[in-house]
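Per the numbering used here, numbering through the sequence shown is continuous, rising by one, with the last residue being 206.
A short write-up of the structure that comes next.
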Amino acid sequence: MKSAFNTFIPGALALLLLLPTALQAKEVETQQKLANVVILATGGTIAGAGASAANSATYQAAKVGIEQLIAGVPELSQLANVRGEQVMQIASESITNDNLLQLGRRVAELADSNDVDGIVITHGTDTLEETAYFLNLVEKTDKPIIVVGSMRPGTAMSADGMLNLYNAVAVASSKEARGKGVLVTMNDEIQSGRDVSKMINIYL
């Protein structure tokens, strides 16, 4: 006589074998529902690093790569399917017209791609307003283009870059941001790339 216990074991094993497949399918379904956002990194303070966490003023800009920046904000995966590209790695006061054209061309290529829903550009704040204004003039797309920076490097105990990047991806993945032109997100605010300006050196 076959016991109920013997009958239960094969069924339970079958469910356990199916569980990873079901979880993978659910993960794929979730990823398909999320927006696809590309982060273009150019350097700046948001990619900066210093020797002392207590000293936010002494650091080197453009030291941290885009993959490390993304890894530092794991919550981004809840907002969008994110991938990064290191377009350049310089302090923003060193950006040239050729650099702007290079960045503009790459943004245009991504905006034309059917598998890209939004674009984020990490940038130093010294010339962030010029880059945002330039991109607002030349990019012809309804897709969200967000420029973001930080006032303090990621090594500082008062670092603001991670939250700024999180907010930038949140805006870039939002349908409400379509057709708004180039935007700048910093300090929990969304600004127009056409009008934004850095007035003093402690906030945008």
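Just so it is clear, CB atoms sit at the ideal spot from N, CA and C, and this is done for glycine as well.
Values in this document were obtained by computation on a predicted structure and should not be read as measured data.
Round the Cβ separation of residue i and residue j to the nearest angstrom and send it over; I've been treating them as touching at under 8 Å.
| i | j | result |
| --- | --- | --- |
| A63 | A43 | Not a contact, Cβ separation roughly 12 Å. |
| T124 | G151 | 7 Å |
| I72 | L81 | Their Cβ separation, rounded to whole angstroms, is 12 Å, which puts I72 and L81 out of contact at 8 Å. |
| G50 | K35 | Incorrect: roughly 34 Å between the Cβ atoms, too far for contact. |
| E131 | S199 | 5 Å |
| I41 | V109 | I41 to V109, Cβ: 12 Å. No contact. |
| L102 | T133 | 7 Å |
Which residues bound the alpha helix (DSSP H) around residue i?
| i | result |
| --- | --- |
| R107 | 99-113 |
| V140 | 130-140 |
| V171 | 163-174 |
| E69 | 68-73 |
Per the DSSP calculation, residue i is bridged to which residue(s)?
| i | result |
| --- | --- |
| Q88 | A43 |
| A37 | A82 |
| T187 | I192 |
| I148 | V122, L185 |
| A51 | Q62 |
Have a look at the options and flag the residue whose alpha-carbon is nearest the alpha-carbon of residue i.
| i | options | result |
| --- | --- | --- |
| S184 | K177, R108, S79, I148 | The question names Ser, but residue 184 in the sequence shown is Val. Considering only alpha carbons, the answer is I148. |
| N38 | S58, V198, E111, I121 | I121 |
| A53 | T47, G46, Y61 | Y61 |
| S176 | D144, M188, R108 | D144 |
| D190 | A170, S199, D197, G50 | A170 |
| G74 | N83, S96, Y168 | Y168 |
| Q104 | L137, T129, V118, N83 | L137 |
| A59 | S160, T98, A179 | S160 |
| D114 | P146, I192, A179, Q70 | P146 |
What residue range does the beta strand (DSSP E) around residue i cover?
| i | result |
| --- | --- |
| V122 | 120-124 |
Is residue i a contact residue of the ligand FMN, with contact defined as CB to any heavy atom under 6 Å?
| i | result |
| --- | --- |
| S58 | The ligand FMN is absent from the structure shown, which contains no ligand whatsoever. |
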